[in-house]
Amino acid sequence: LPNEITARIFILCLSSQSRVKPSPRKAPLLLAQVCRHWREVALSTAALWRSIDMDFKDRRWYSSHLPISTKTRLLQTWLSRAKGSPLFVTV
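With the first letter of the sequence shown counted as 1, position 60 gets the number 74 in the numbering used here; the numbers rise by one all the way through.
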């Protein structure tokens, strides 16, 4: 498939919720783990990264053993992949 069609399919894989909670088991992170080609398409598709929900009141984030610096890097990486797209961020 052409990259443009693959990217469109990837966008349709996003949760129906308006905000994406980062998870290696869900799009877009899951899509980037399948193979090199999918990773390249996922990382270059800014629309996949324009929404993020990092609710620190959510038990998964609050009680996580990840240091705040790791959470901060995740947010920075996520936002850089959005490449200037309009952002929807929940913190």
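For each residue, glycine too, the CB sits at the ideal point set by N, CA and C.
Note that this is a predicted model, so its numbers are computed, not measured.
Nearest to residue i (by Cα), restricted to the options the options
i           : options        : result
residue 99  : 54, 85, 58, 45 : 58
residue 104 : 63, 52, 69     : 69
residue 41  : 26, 18, 16     : 26
residue 17  : 56, 29, 87     : 56
Residue i, enclosing beta strand (DSSP E) - first and last residue
i          : result
residue 65 : 65-67
Burial state of residue i (16 or more Cβ within 10 Å)
i          : result
residue 24 : buried
residue 48 : exposed
residue 39 : exposed
residue 12 : For residue 12 there is no data in the structure shown, the boundaries of the chain being 15 and 105.
residue 64 : buried
residue 66 : buried
residue 80 : exposed
Where the alpha helix (DSSP H) through residue i begins and ends
i          : result
residue 8  : Past the boundaries of the shown model lies residue 8; the chain is included only from 15 to 105, so the question cannot be answered.
residue 35 : Neither: residue 35 is in no alpha helix (DSSP H) and is coded neither H nor E.
residue 85 : 82-95
residue 99 : That residue, residue 99, is in no alpha helix (DSSP H); it is neither H nor E in DSSP.
residue 55 : 50-58
- Task: Give a yes or no on contact between the segment 88-103 and the segment 23-39, applying the rule of three or more CB pairs nearer than 8 Å.
- Result: The segment 88-103, when compared against the segment 23-39, does touch it at the 8 Å Cβ threshold.
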